Amino acid sequence: MGGYAGRYLYVDLTSGKIQVRELPRAWARDYLGGTGVAARFLWEELYAGVDPLGPDNVIVFGTGPATGALGHATGRLVIASKSPLTGLWGESHVGGHLAPEIKYAGYDFIAVRGRSDRPVYLWVDDDHVEIRPADHLWGKTTREANQMIWEELGDDTVQVAVIGPAGENLVRFANVIVDFYDAAGRTGMGAVMGSKRLKAIAVRGSRGVRPADPEGYYEAVRAMYEKATTGEWSQIADETIRRYGTPYLIDVMSAIGRLPTKNHYTGIFPEYEEINGDALRALRISRKSCFSCFLQCKYVHHVPSGGYEGTLTGGPEYEALVALGSNLMISDLEAIVHGNQLCNDYGMDVISAGKVISWLMECYERGLVTEEDLGGMRPRWGDADLMVDLIHKMARREGIGDLLAEGALRAARKMGRGTERYVIHVKGLEASAQDGRSHKSIGLAHAVNVRGADHLRGLCTYDELPWAVKYAYERFGEEEARKMVIDDRLDPRGKGYLTWLTENFYSIVDSIITCKYGAMWPMIYYYDDFAPMLRALTGIEEHGDPRYLALMGERIY
Numbered sequence: 000m001g002g003y004a005g006r007y008l009y010v011d012l013t014s015g016k017i018q019v020r021e022l023p024r025a026w027a028r029d030y031l032g033g034t035g036v037a038a039r040f041l042w043e044e045l046y047a048g049v050d051p052l053g054p055d056n057v058i059v060f061g062t063g064p065a066t067g068a069l070g071h072a073t074g075r076l077v078i079a080s081k082s083p084l085t086g087l088w089g090e091s092h093v094g095g096h097l098a099p100e101i102k103y104a105g106y107d108f109i110a111v112r113g114r115s116d117r118p119v120y121l122w123v124d125d126d127h128v129e130i131r132p133a134d135h136l137w138g139k140t141t142r143e144a145n146q147m148i149w150e151e152l153g154d155d156t157v158q159v160a161v162i163g164p165a166g167e168n169l170v171r172f173a174n175v176i177v178d179f180y181d182a183a184g185r186t187g188m189g190a191v192m193g194s195k196r197l198k199a200i201a202v203r204g205s206r207g208v209r210p211a212d213p214e215g216y217y218e219a220v221r222a223m224y225e226k227a228t229t230g231e232w233s234q235i236a237d238e239t240i241r242r243y244g245t246p247y248l249i250d251v252m253s254a255i256g257r258l259p260t261k262n263h264y265t266g267i268f269p270e271y272e273e274i275n276g277d278a279l280r281a282l283r284i285s286r287k288s289c290f291s292c293f294l295q296c297k298y299v300h301h302v303p304s305g306g307y308e309g310t311l312t313g314g315p316e317y318e319a320l321v322a323l324g325s326n327l328m329i330s331d332l333e334a335i336v337h338g339n340q341l342c343n344d345y346g347m348d349v350i351s352a353g354k355v356i357s358w359l360m361e362c363y364e365r366g367l368v369t370e371e372d373l374g375g376m377r378p379r380w381g382d383a384d385l386m387v388d389l390i391h392k393m394a395r396r397e398g399i400g401d402l403l404a405e406g407a408l409r410a411a412r413k414m415g416r417g418t419e420r421y422v423i424h425v426k427g428l429e430a431s432a433q434d435g436r437s438h439k440s441i442g443l444a445h446a447v448n449v450r451g452a453d454h455l456r457g458l459c460t461y462d463e464l465p466w467a468v469k470y471a472y473e474r475f476g477e478e479e480a481r482k483m484v485i486d487d488r489l490d491p492r493g494k495g496y497l498t499w500l501t502e503n504f505y506s507i508v509d510s511i512i513t514c515k516y517g518a519m520w521p522m523i524y525y526y527d528d529f530a531p532m533l534r535a536l537t538g539i540e541e542h543g544d545p546r547y548l549a550l551m552g553e554r555i556y
């Protein structure tokens, strides 16, 4: 098979046993890679009722067939396991350069089970795989630990996935950090690593990736590249994602009343211009790109003076600006930037962290939580210092932070008093920065999402904005588009069908794996674009059939 390494790494931290196993061709044919193969693998590995924080849970670091093959935006990594936050399917994606390095080391994915009796990290150097002691790394922030691993290995090109103190302390929404600033944020994958006493995975590879039909593959990739870099879509990208990164969405969502504010009470934040892309540009010092991506949508920001002087962070992205900003009614941009980096250093999902705080603020405002409950703390809207303080407390599980570290739904169930009513979640996962009241397909996508209230597995953008609607008519034709009432995001008719189509397609995107911002918003690529690329890449005949890809997407989801 082209594109695939053809094998995966299986590590048992309890026994210390390391195995290299063959990737079944049927998995590649029927589940593609990434999310699809991770789901297929975990279906066999996990039994009903397995403890997400127990040694029998398994965590997967997965690539797709296109990973490392120089197609556009093919640097994504999926991390999957049973979630300690929701008790359901756990999955998070991250960019950067780790995924290609895993492929270059000769593996399609790395699976880890068991629990070490001491802190360790996994060192993968092509065929040399070693479980190394990490006592000296335990308690360090993600940046500190990454730097120390580089120094220990004598190579700062080694790619590292690392957890921080939040993961070590089993904060249920702890994340995994890659490339210093990139986060696999959702569903608590960092807590799974922490429960295994696995501080990090460090990878260095020297192999390449060879398509089954190199000429056909690069011809297909070139056609996709030209489609994304010419015409109207490229102009839209220049004015939005390239210019600002995801923070451009602050203005977009504010304009249509969909900017989550005050624990999702409203979609309008009067001070949105103080935290938008233009405001953030004043703190920008550099630009970053994930592997093989021409968009370069990531920016690094620095606070030059004031109470948070010296803060250096990648992002904050749109989700962080909402979670620590508008949804807490905080307009202090420098505090938001600082809070974002604290979450990264501690290794903690900024979305869940912010939404737990907004839940607490609303409960306090309504008199359901008192100062006595909080040790004298007064969680009021707009209090940036309190936001920063609570991030520290959650990551360290200190005081009220120990309760909040359980996630909003668990915290509310323990607190009682009617506080459950104000948790904005689906299936226990705190909602991302979307609003189903003003975009019906998003509300439905959240409700049926396999991992909870998250937009990345089923967010439909065809019915979101006027320039996106046009692509829907081109893609589906007038009859189908009208059946989905694509012109009206507030009309629920046809949105079930639209959401189903989107979920299945995103399952293919997440299994290739490519980035959704790499020409997915709006979705100018579809099955007929991916099919010739995949057929030339993998050499698997079925992958060249758009209808088969659509069925595969449904199978995966």
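Quick note on numbering that gives the first Met the number 0: the sequence shown kicks off at 0 and runs consecutively. We put the beta carbon where it would ideally sit given N, CA and C, even for glycine. The model shown is predicted, which means the values in this text are computed figures rather than measured ones.
Pair within 7 angstroms by beta-carbon distance, residue i and residue j
i: D212; j: A535; result: yes
i: S640; j: G74; result: As displayed, the chain neither begins before 0 nor continues past 556, which places residue 640 out of reach and without an answer.
i: G400; j: K392; result: yes
i: T34; j: D509; result: yes
i: R28; j: E541; result: yes
i: T310; j: V349; result: no
i: H445; j: V425; result: yes
i: M386; j: L320; result: no
i: R114; j: V57; result: no
i: P51; j: T13; result: no
i: L279; j: P303; result: no
i: A411; j: M347; result: no
i: Y243; j: G276; result: yes
i: T140; j: D344; result: yes
Exposed unless 16 or more other CB atoms sit within 10 angstroms - verdict on residue i
i: I78; result: buried
i: G48; result: exposed
i: W466; result: exposed
i: V19; result: exposed
i: E489; result: In the sequence as presented, Glu is not what sits at residue 489; that position holds Leu. Burial call: exposed.
i: Y46; result: exposed
i: T66; result: buried
i: P269; result: exposed
i: E238; result: exposed
i: Q234; result: exposed
i: H71; result: buried
i: A254; result: exposed
Residue from the options whose Cα sits closest to the Cα of residue i
i: A530; options: M551, A236, G187, V202; result: M551
i: Y525; options: T537, E540, I539, L500; result: L500
i: G266; options: S325, A410, R412; result: S325
i: V157; options: A183, P99, R117, P164; result: P99
i: R24; options: K16, T13, I17, V36; result: V36
i: A160; options: D181, N168, R171; result: D181
i: L402; options: V425, L385, D372; result: D372
i: W137; options: L197, D544, P54; result: L197
i: G305; options: L332, M414, Y317; result: L332
i: F108; options: D388, R39, K16, I441; result: R39
i: A432; options: A352, D237, E43, H301; result: A352
i: L428; options: A222, G187, F268; result: G187
i: G5; options: E238, L31, G153; result: L31
i: D124; options: R117, Y106, V111; result: Y106
i: R117; options: P51, G189, R131; result: R131
i: D11; options: Y470, Y224, Y556, E129; result: E129
i: I249; options: Y271, R377, W149, M376; result: Y271
i: S205; options: V299, A104, Y224, K287; result: A104
i: V355; options: R379, L408, C342; result: L408
i: E419; options: D388, Y363, M376, V468; result: Y363
i: L152; options: K139, L121, A227, E167; result: L121
i: A110; options: K482, Y7, S357; result: Y7
In DSSP terms, what residue i is bridged to
i: K16; result: D11
i: Y298; result: R286
i: S91; result: I78
i: E479; result: Paired residues: none, contrary to the question.
i: P132; result: V119
i: Q158; result: V202
i: T312; result: H300
i: D124; result: H127, R203
i: I58; result: V111
i: R6; result: E21
Residue i CB to nearest heavy atom of the ligand PLP below 6 angstroms
i: K198; result: Absent from the structure shown: the ligand PLP. Ligands present: none.
- Task: Just list the alpha helix (DSSP H) runs in the region 400 to 462, keeping only unbroken ones of 4 residues or longer that don't cross its boundaries, in chain order.
- Result: 407 to 414, 439 to 447
* To do: Kindly provide the ranges of any alpha helix (DSSP H) runs that are 4 or more residues long and lie completely inside the region 164 to 233, ordered along the chain.
  => 164 to 167, 188 to 194, 213 to 228
*Return the chain-ordered ranges of every alpha helix (DSSP H) run that is complete within the region 481 to 520 and spans a minimum of 4 residues.*
For the alpha helix (DSSP H) assignment, the uninterrupted runs of no fewer than 4 residues enclosed by the region 481 to 520 are, from N- to C-terminal side, 494 to 511.
Which full runs of the beta strand (DSSP E) of 3+ residues lie inside the region 309 to 384, going along the chain? 311 to 313
Those runs of the beta strand (DSSP E) which lie wholly inside the region 237 to 278 and span at least 3 residues:
none
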